[in-house]
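Peer 1: In terms of my numbering, the sequence shown opens at residue 22 and continues consecutively.
Think of the CB as a built atom: it goes at the ideal place given N, C-alpha and C, for glycine as much as any other residue.
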Amino acid sequence: MVSTKNFKLLLFSLFTPLFLLAQQGKIEAVVVDAETNEPIIGASASLLRQVDKGYVLGAQSDINGRLVFNAVNAGSYALRVTYVGKQDVIRENIQINSGASINLGKILLTDDGKVIQEVVVEGRVPEMQLGIDKKTFDVSQSLVSIGGSATDVLQNVPTIQVDSDGSVSLRGSSSVRILIDGKESAMAGSDINSLLQSLPANAIAKVEVITNPSAKYDAEGQSGIINIVLKKDARIGLNGNVTVSGGSYDNYNAGVNLNYRSGRFNYFGGYNFARRVQPGDNLNDNTELINGVIQDTSERTISRADNNRKGINHTVRLGADFYATPKTTFSLGTNFSVRNNDRRSDISYEYFNIPRFGGNAFRRSQQYEDDLGIDLTFDFKQELGREGEELTANVTYGNDSEEGTNDFFQTYASGRADFQRNNVTSEAGTNWNFQVDYTLPFSENHKFEAGYRTIIRNSEDSQWSELLDTLTRQFLPDYSVSNDFNLKNSIHALYVNYQRMLTEKLGVQAGLRGEQTYLNSIYYNLDPDASADERETRGTQDFFRLYPSVFLSYEVGKSGDKVQLSYTRRVQRPRGWQVNPFINVSDETNYRQGNPNLLPEDIHAFELSFAKFYDKWNFVTSAYYRHVNDMTSPFLRNPEEIAEIVGDNSNVTYSRWENVAQQDAGGFEAISKVNLFKWWDATANVNLFYNRTRPYAAFEANEVENFSWNGNINTNLRFAKGTSMQLRADYRAPQKWVQGRMKSMSGVDVAVRQDVLKGKGSIMFNVRDVFNTRKFRMENDLPTQFIRMENRWMPRTFMLTFSYRFGVQDLNKKNNQQEGGGVEEDMGGGF
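(1) Measure from the alpha carbon of Tyr344 to the alpha carbon of each residue in Arg282, Asn735 and Gln108, then state which is nearest.
(2) Where Asn415 and Gly472 are concerned, what is the direct C-alpha to C-alpha distance, given to the nearest angstrom?
(3) Out of Arg749, Ala95, Tyr635 and Asn85, point me to the one whose CA is closest to Lys526's CA.
(4) Let me make sure I understand the geometry here. Which of Glu205, Asn248, Ile311 and Leu567 has the alpha-carbon closest to that of Lys156?
(5) Taking the alpha-carbon of Lys237 as reference, which of Trp598, Asp458, Ile201 and Glu320 has the nearest alpha-carbon?
(6) Leaving out five residues on either side along the sequence, give the residues of the same chain with a beta carbon under 8 Å from the beta carbon of Gly687.
(7) For Asp702 and Leu629, what's the separation of their Cα atoms in angstroms?
(8) Between which two residues does the alpha helix (DSSP H) harbouring Gln593 extend?
(9) Could you tell me how far apart the beta carbons of Val529 and Phe572 are, in whole angstroms, since I believe they sit closer than 8 Å?
(10) Using DSSP with H/G/I as helix, E/B as strand and the rest coil, what is Trp730?
(11) Roughly how many angstroms lie between the CA atoms of Asn124 and Ile48, to the nearest whole one?
(12) For Asn510, name the three-state secondary structure that DSSP assigns.
(13) Grab me the residues of Tyr575's own chain with a C-beta within less than 8 Å of its C-beta, minus the 5 sequence neighbours each way, in chain order.
(14) Assign Asn356 to one of two classes, buried (16 or more other C-beta atoms within 10 Å of its C-beta) or exposed (fewer than that).
(15) With distances taken from CA atoms, which of Leu508, Asn793 and Thr538 is nearest Leu515?
(16) Going by the C-beta, is Ile201 closer than 8 Å to any heavy atom of the ligand SAH?
(17) To which residues of the same chain is Ser190 closer than 6 Å at the C-beta, ignoring the five residues directly before and after it?
(18) Quick check on Arg377: does DSSP put it in helix, strand or coil?
(19) Please state whether DSSP places Gln218 in a helix, a strand or coil.
(20) Taking all protein chains shown into account, decide if Gly169 is buried (16 or more other Cβ within 10 angstroms of its Cβ) or exposed.
(21) Where does Val502 fall in DSSP's three states?
(22) Using DSSP with H/G/I as helix, E/B as strand and the rest coil, what is Thr57?
(23) Is it right to say Glu139 is buried, meaning 16 or more other beta carbons lie within 10 angstroms of its own, or is it exposed?
(24) Let me know if Ile315 comes out buried or exposed under the rule of 16 or more other beta-carbons within 10 Å of its beta-carbon.
(25) Assign Thr25 to buried or exposed, taking buried as 16 or more other Cβ atoms, counted over all protein chains shown, within 10 Å of its Cβ.
(26) If you reduce the DSSP assignment to three classes, tell me which class Gln495 lands in.
(27) Can you give me the start and stop residues for the beta strand (DSSP E) that Arg198 sits inside?
(28) Grouping DSSP H, G and I as helix and E and B as strand, with all else coil, what is Ser34?
(29) Using the Cβ count rule (16 or more neighbours within 10 Å means buried), how would you classify Gly744?
(30) Comparing C-alpha positions only, which one of Asp439, Asn452 and Leu405 sits nearest to Phe463?
(31) Which residue's Cα is closest to the Cα of Thr172: Ile225, Asp202 and Leu129?
(32) Going by alpha carbons, who is nearest to Val517 out of Leu497, Thr460, Pro179 and Pro549?
(33) Would Asp550 be called buried (16 or more neighbouring beta carbons within 10 Å of its own) or exposed?
(34) Could you check the C-alpha separation between Asp367 and Asn328 for me, to the nearest Å?
(35) Going by C-alpha to C-alpha distance, which of Leu497, His467 and Ser266 sits closest to Tyr519?
(36) Return the chain-ordered list of same chain residues with a C-beta closer than 8 Å to the C-beta of Asn659, the five sequence neighbours on each side being excluded.
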C-alpha cells in the first residue's frame with residue numbers, strides 16, 4: 022500500500038514535464054448578417070474534406086458570431102455554413118498546412134427570400150462518423166429503436182452487444198464503462214442496466230464508442246467507454262418534438278422534448294412516460310455426473326420459468342445554459358426518474374432420481390420495486406487569455422433509493438412441506454463527482470492538459486426475510502437470508518497529457534494518470550444468536566496505481582487516411598453485488614454469492630487502427646490485444662464442496678465471484694459504410710476475437726482457448742415522398758469460457774417510416790426480432806454436474822410510433838445542436 026505522504030508525492034510527480042509538443046492547425050471565421058452586419062448567433066458550420074465532401078468537424082457560432090475549428094490536420098477542406106432563413110454558404114479549397122492557422126474573415130449570410138415561421142428543411146444527418154480513436158453513431162434517426170429504451174439503442178450500435186439480462190458488452194467484454202453526457206450517472210447506483218432500460222430511445226442523440234481512452238479519462242473499463250449523448254438543442258427560438266408509441270404486449274411510450282434559446286440563455290427540458298412489458302422464458306437443466314458421465318441413476322432437475330416484467334417509468338430532464346460573457350458559460354441540469362417495477366415468474370420443477378423432492382414442484386415469485394432517482398449537475402467553462410486555453414469544472418450529485426418486496430410461494434407434489442417466503446428489500450445510494458480540467462496551448466505547436474477528479478459513492482442495501490411456519494401459520498424471521506450491506510467507495514485522480522507532431526505526418530501523445538482507490542464494505546448478519554465474529558464481515562481495499570497512455574499517429578497520403586498505434590493501462594473495479602458476501606438462495610436451484618476480498622482487474626491494452634476514406638466508402642480497421650491479470654468471474658462449485666451451504670440439495674448450482682485467471686485476448690475489428698446509391702447505404706461491422714484463459718491453480722480448472730466472432734449489418738433505403746426503410750441483422754458465433762460455452766444467436770429487425778404533415782410529422786412501424794430467434798443458450802461443465810440453460814429476454818415485438826416536430830427544424834445541421842455532453846475529439850489520442 023502507498024502511504025499518504027508517498028501518495029501526494031506520486032500525484033505531484035504527475036506534473037513533471039514530459040517535453041512533448043502538439044502540432045495541429047486551426048480555422049476561424051466570423052458569421053455576420055449581410056444586411057445589418059450584425060453577428061449571427063447559432064449558425065451551423067461543417068468542415069468537409071474537399072475530395073469527397075465527407076464530414077470532418079462541426080462548430081456553431083457564439084454570441085459574437087465567431088466560428089473556431091481546432092485540431093485540424095493538414096489538408097484541403099471545404100466549409101459549409103447554414104442558418105435558418107439564410108442562404109447556405111460554401112467556401113471551397115481551404116488549404117491548411119501542419120500547425121498553421123487560417124482566418125477566413127467574415128462570412129456573409131443573405132436572406133433566402135422566404136418568410137420563416139415554422140420551417141422544416143429536409144436533409145439527412147450522417148449516421149456514422151468513423152474516427153481512428155472514436156466512433157460516433159447518430160441514433161436519432163434509428164428506426165428499429167424507436168419506441169424502445171437505451172438498451173434497444175445500444176443493441177443496434179456496431180461493436181456493442183446486449184446480453185439476456187440487459188448487460189452491455191463491447192468487443193465481447195462486459196467490463197465496459199457507460200457514461201451519459203460524458204459523466205457517470207449517479208441515478209444508476211449499482212444497476213446501470215435498469216437505468217438504461219428506463220431511458221427512452223427518443224431522448225438519445227448519438228452514441229460514442231472509445232475503445233482505448235487516453236489518460237485524460239477514467240481508467241475504469243476493460244474494453245473501453247460507451248458515452249450516451251442526450252439531445253440538447255441550441256437553435257434560436259422555441260423548438261421541440263412530441264412522440265407517442267404503442268406496441269405489442271401493451272407497451273406504450275409518450276414524450277415531449279422542448280428547447281428555447283433567447284439571447285444569453287438556453288433552456289431545455291423533456292418528459293417521458295413509458296409502460297414497458299417484457300415477457301420472457303428460461304430453462305435450467307441440471308444433471309448429475311457419475312464418474313464423469315450422465316447415467317440412468319443421475320439426479321436431474323429441470324426448471325422452466327415464464328417471466329413477465331412490467332415497468333412504469335417517468336423521466337424528467339431540465340436544464341439551462343447561461344452565456345455570461347463570450348468566454349464564460351454556466352450550465353445547470355437535473356434528471357429525475359420514478360420507476361415502478363412489477364416482476365412475476367412462474368417456475369415449474371421436475372425432479373428425476375431425487376425421492377426426497379418428489380416428482381415436481383411449482384414456485385411463484387412476485388417482486389415489486391419503487392425507485393426514485395435524481396441527478397443534479399453544475400458545469401462551468403472559462404476561456405482564458407491564450408487562444409484555446411480553458412478551464413472547465415463539474416460538480417454532480419446523485420441520489421437513488423429503492424423500496425421493494427420479493428415474495429415466493431412453492432408447492433410440491435410429494436409429501437414435502439410447501440413453503441412461503443416474504444422479503445422486504447431496501448437500497449439507497451449517493452454519488453458525488455468533482456472534476457476540474459485545464460488546457461494550456463503554449464503555442465500552436467505545444468499543448469498541455471491536466472486535471473483532477475474525485476468520485477465518492479456510498480450505498481446501503483438491506484433485506485429482511487420471513488418464512489411461513491406451516492404448523493402455526495405464522496411468519497417467522499429467517500436470519501439466514503436477512504442482512505444489511507454497506508459499501509463506501511472513493512477514487513481520487515490526477516492526470517497530465519501532452520501531444521507533439523514529430524514530423525509533418527508523425528505524431529505522438531503521452532499521458533499519465535494516478536488514481537488512489539478506497540473500497541470499504543461491511544456485511545451485517547442480523548441473526549441475534551450469531552457470534553461476535555459472525556455478525557460483521559468487513560472488506561477493505563486501499564491501493565494506488567499509475568495508468569500511462571501512449572499514442573503514435575501517422576497520416577498516410579493527402580486524403581486524411583491515418584494509422585494509429587496505442588497503449589493504455591486500465592482497471593475494472595468490483596461492483597457492489599460482486600463484493601456482498603450474502604448468499605442469495607431465492608432460487609433453490611441457483612445460489613449466488615459475492616466476495617468482499619475481490620480484487621480489481623489489471624488490464625494492459627494495445628490497439629493498431631487504420632482509417633481509410635473514399636468518395637462513397639469509408640472504413641476503419643483495428644487489431645487489438647488485452648492482457649488481464651486477476652480476471653473476475655462467477656465461479657461455479659460442485660455441491661459436495663459447499664455442503665454446509667446447500668445441505669442435502671445436491672442438485673443445485675452455487676457460484677461465487679472470484680479472481681479466477683489471467684487472460685490474453687486479441688482480435689480484429691472492421692467497420693465500413695458504403696453509399697451504394699443516393700437512396701441506399703449500408704453499414705457493416707465484424708469482430709473476430711481469440712482469448713486464452715489460464716485459471717489460477719487454486720481453482721483446478723483447465724486452460725481454455727476460444728475463437729469466436731460476431732457481426733451485424735444495417736442498411737437504409739430512402740424512397741420518394743418521404744418514405745424510408747431500415748433493415749438490420751446480427752449474428753454471434755459460439756464461444757467458450759472457463760467452465761462452459763455459449764451457443765450461436767442471431768436476429769433480424771425491420772422498420773419503415775413515412776413523413777407526413779409537410780415533413781413536420783412521421784409515422785414509423787418497426788418489428789424487432791422478426792424471426793423470434795434471439796435466445797441465449799449456454800452450457801456449463803463441472804466435475805460432477807452438467808448444466809444447460811436457455812434464456813429468452815424478449816420475444817418478437819411490434820411498435821407503431823407517431824412523432825411531430827415544431828418550431829425551427831433543420832435536420833441538415835451536423836454539429837452539437839442536437840447533442841448534450843459529447844466527449845472531446847481527442848479523447849482516444851487522435852491528432
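Peer 2: Let me lay it out:
(1) Considering only alpha carbons, the answer is Arg282.
(2) Rounded to the nearest angstrom, the two C-alpha atoms are 12 Å apart.
(3) Ala95
(4) Check the Cα spacing between Lys156 and each of Glu205, Asn248, Ile311 and Leu567: the tightest is with Asn248.
(5) Asp458
(6) Here the set comprises Ala644, Tyr645, Tyr646, Arg647, Phe710, Tyr711 and Asn712.
(7) 27 Å
(8) Premise fails: Gln593 lies in the beta strand (DSSP E), Asp582 to Gln593, not in any alpha helix (DSSP H).
(9) 7 Å
(10) When secondary structure is reduced to three states using DSSP, Trp730 falls in the strand class.
(11) 6 Å
(12) strand
(13) Lys526, Leu527, Gly528, Lys583, Val584 and Gln585
(14) buried
(15) Thr538
(16) As presented, the structure is devoid of all ligands, the ligand SAH included, so that no description of it is given.
(17) These residues qualify, in order along the chain: Gln182.
(18) helix
(19) helix
(20) buried
(21) helix
(22) coil
(23) Low local confidence applies: a pLDDT of 33 at Glu139 is under 50, so the model's placement there is unreliable, and no value is given.
(24) exposed
(25) Residue confidence for Thr25 is low, a pLDDT of 48 falling below 50, so the modelled location carries little weight; the figure read from the coordinates is stated next. Its Cβ having fewer than 16 others within 10 Å, Thr25 is exposed.
(26) coil
(27) If you look at Arg198, you'll find it in the beta strand (DSSP E) that goes Arg198 to Ile201.
(28) Residue placement at Ser34 is poorly supported in this model, since its pLDDT is 45, which falls under 50; the coordinates are not used for a value here.
(29) A small correction: the amino acid at residue 744 is Thr; Gly does not occupy that position in the sequence shown. The residue in question, Thr744, is exposed, as its Cβ has fewer than 16 Cβ neighbours within 10 Å.
(30) Leu405
(31) For the options Ile225, Asp202 and Leu129, the alpha carbon positioned closest to that of Thr172 is the one of Ile225.
(32) Minimum Cα distance to Val517 is reached at Thr460.
(33) Around the beta-carbon of Asp550, fewer than 16 other beta-carbon atoms lie within 10 Å, marking it exposed.
(34) 7 Å
(35) His467
(36) Leu803, Pro804, Thr805 and Gln806
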